[in-house]
Every structure is written in C-alpha cells, then in structure tokens.
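>
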Amino acid sequence: MKRQAAAALAALILLFAAGLATAFAQASYKVPFGIRVGGKDFAAGEYAVAKTAEGGIILERVSSGKEIALAVLERIKPEAPVAEPRLVFDEVGDFAPSYTEYITVYVLSEVWFPGEDGYRVHLTKGAHKTKVVTGTAAK
C-alpha cells in the first residue's frame, strides 16, 4: 500500500513539474501582418510567446491554440535594457507561391522579454529591413 501511494505521489510530482516546464516568462502580441515562423506561414492575429524551463521558446496562435517550438540559435545582448516584450521580424521577399509575383514575407527572427537577453530564432543573410511588434507582458 505504501509503494502504491509513493508511486502515485511521484507521478503527481512529475506531472506538476512537466506543467511548470512549459511556461515561465510569457507575453502576448497582436501581429497585424502574416508571418513565417520555423518555415511555416501563419496569419495575422494574436499570439502568445512563452519561455520554457529548458530555455526554449514556444509560440502559440491564441485563436487556434496551435503551438510551435522555436529553435534558439543564440542569446543576444541588448544594446539598451528591454522594457517591453517584443518580436522582431525580418522583412524579406519571396516569389512563392505562384513564382510570378514578388511578395513580402515577415520572418520571426528575435524574441525579447523585459530585462533579459534576447533569443535569436532565425538568421537572415543579406540586406533586409526589420519590423518590431511590441507585446504585453503576462502578469
């Protein structure tokens, strides 16, 4: 009986720890344009970004609940302290899907939380512009 109780307690602790691992720092954003994240295209809308206990980043489309884990390429030192959460998008051109017209694509490249180093999640080579979307930190 004691073994069963200990096993049940251990399982509860593991489930609780797994839940804590998914969301530490979190922020929400209203992105007014379509974006590309991890090679996948997403529509404009509300997004939530969370930092995991393992040091990773998760992006969630609020309307659908769809999540995508972002590969962190490196941590970035800010030029000045970051006061608000922000997403940085690289503005690049693409001929897809029809290969006859040139379209602008906004690729998520950096994620910033207040008071922390940033997370580089994509590196665009060559000349490009950037667009910043400021978010709201979770309370």
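Residue numbers (my numbering): -10 to 128. Cβ coordinates follow ideal geometry from the N, Cα and C atoms, glycine included. Owing to the predicted nature of the structure, the values given are computational and were not obtained by experimental measurement.
1) May I have the straight-line CA-CA distance separating V110 from S53, to the nearest angstrom?
2) Report the three-state DSSP secondary structure of T125 (helix, strand or coil).
3) Measure the Cβ-Cβ separation of V71 and P21 and say whether it is below 7 Å.
4) W101 to A42, Cα distance in whole Å?
5) If the criterion is Cβ atoms closer than 7 Å, does the pair K66 and D30 meet it?
6) Should V26 be labelled buried (16 or more other beta-carbon atoms within 10 Å of its own) or exposed?
7) E90 lies in the beta strand (DSSP E); which residues open and close that run?
Quick look at the numbers:
1) Taken atom to atom, the span from the alpha-carbon of V110 to that of S53 is near 22 Å.
2) Residue state, collapsed to three classes: strand.
3) Result no, Cβ atoms of V71 and P21 do not sit closer than 7 Å.
4) One C-alpha to the other measures close to 16 Å.
5) No, the Cβ-Cβ distance between K66 and D30 is not below 7 Å.
6) That one is buried.
7) Counting along the chain, E90 sits inside no beta strand (DSSP E), nor does DSSP assign it H or E at all.
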